[in-house]
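See below for the structure under consideration.
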Amino acid sequence: MLLRCIQAENMKLKHSVIYLAFIAIPIIPAIMGTFNYLQNLELLKSSWYSLWTQITLFYASFFYAPLIGIYCSYTWRLEHTHNNWNHFMSMPVSIVDSYLAKLLCIMKVTILTQLWISVLYFIGGKLAGLPGIFPPEIVFWLIRGTLAAAAIASLQLLLSMVIRNFAIPIGIALVGSIAGTLMTNADLGNFWPYSLMMLGMNSNRNENVLASMSDTVSYFISVIVFFLLFFGIAIWQLKTKDVRS
2 MLLRCIQAEN MKLKHSVIYL AFIAIPIIPA IMGTFNYLQN LELLKSSWYS
52 LWTQITLFYA SFFYAPLIGI YCSYTWRLEH THNNWNHFMS MPVSIVDSYL
102 AKLLCIMKVT ILTQLWISVL YFIGGKLAGL PGIFPPEIVF WLIRGTLAAA
152 AIASLQLLLS MVIRNFAIPI GIALVGSIAG TLMTNADLGN FWPYSLMMLG
202 MNSNRNENVL ASMSDTVSYF ISVIVFFLLF FGIAIWQLKT KDVRS
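This is how it looks when you write it as structure tokens:
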């Protein structure tokens, strides 16, 4: 049943504007970061690492979570129109399968987004005249940031489910990301879900902020806890609350 639910969600996303957002929006932080790097070459001496700090400064702090928010709001758009909640709640499949299918489809688009930002990062590096290819550590940081996105997607999907307005959850993601920057700078990033992608992607840092084993373990525990917390709340809401109105 889960596979059928995933196929149904993929059909909804096919030829949708969500892919326009996925293509267009990451270009903005890539351009801003590359431009910022070129304007500060006398200070940024670490080649590919320095370019990474500038692109992720904008991408992870202002664009990544709102992008996931767009994906989640669009995923619930159909259910929030007319009486489609009645159809969603009465489908002959489990609530868990229906909800998990949405979450998995969002993660698919998020993975594509991460791959796209890595391509833009490489293009930016070549345009900036950087030699060779980017360091292998960047791939690991991208993977960590993608895992953190699972926690954010779990939260944003919950918000988009209970809030009928398309834009409000996206605005929450933006505010949460800005607050996440403050929490990360205060070394409290593991306690705020929107900080996890910044920590995971080593945003605006040359050195690995999760270099120690204890930091890495704490990070992944936070990702798992936040993911399960928001996923559990969403399933509880669907099973016990009247969300169809």
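First residue of the sequence shown: 2, per my numbering; consecutive thereafter.
The beta carbon of each residue, even a glycine, is placed where N, CA and C say it ideally should be.
ask   = For W49, which of helix, strand or coil comes out of DSSP?
value = One-based indexing of the sequence shown puts residue 49 at position 48. Here W49 sits in helix by DSSP.
query = Which residues in the same chain have their Cβ closer than 6 Å to the Cβ of W193, if we skip the five residues on either side of it in sequence?
reply = Within the sequence shown, residue 193 is the residue found at index 192, counting from 1. Cβ within range, chain order: G181, M184.
query = Should L211 be labelled buried (16 or more other beta-carbon atoms within 10 Å of its own) or exposed?
reply = Taking the sequence shown and counting its residues from 1, one reaches residue 211 at position 210. Buried, since its Cβ has 16 or more Cβ neighbours within 10 Å.
Same chain, Cβ closer than 6 Å to F89, neighbours up to 5 away in sequence not counted = Against the sequence shown, residue 89 aligns to sequence position 88. Answer for F89: E80, listed in chain order.
Outcome for F232 when other beta-carbon atoms lying within 10 angstroms are tallied against a minimum of 16 = Against the sequence shown, residue 232 aligns to sequence position 231. Counting C-beta atoms within 10 angstroms of its own C-beta, F232 has 16 or more neighbours from the protein chains shown and is therefore classed as buried.
query = If we count the other Cβ atoms within 10 Å of its Cβ and call it buried at 16 or more, is W53 buried or exposed?
reply = On the sequence shown, residue 53 is found 52 positions in, with the first residue counted as 1. Classification for W53: buried.
task = Quick one: grab the DSSP three-state call for E10.
result = As a first step, residue 10 is located in the sequence shown; it is residue number 9 there, counting from the start. In this structure, E10 counts as helix in the three-state DSSP scheme.
message = Using 8 Å for Cβ pairs, my map puts E10 next to C106. What's the rounded Cβ distance?
response = Residue mapping note: residue 10 aligns to position 9 of the sequence shown, counting from 1. Residue mapping note: residue 106 aligns to position 105 of the sequence shown, counting from 1. With 8 Å as the limit, E10 and C106 qualify as a contact, their Cβ atoms being about 4 Å apart.
inquiry  = I'd like the ranges of any beta strand (DSSP E) spanning at least 3 consecutive residues and lying wholly in the segment 173-206.
reply    = none
request  = Determine the DSSP secondary structure at N166, reduced to helix, strand or coil.
outcome  = The sequence position of residue 166 within the sequence shown is 165, counting from 1. In this structure, N166 counts as coil in the three-state DSSP scheme.
request  = Could you tell me whether the segment 193-207 touches the segment 136-151, using the rule of 3 or more Cβ pairs below 8 Å?
outcome  = yes
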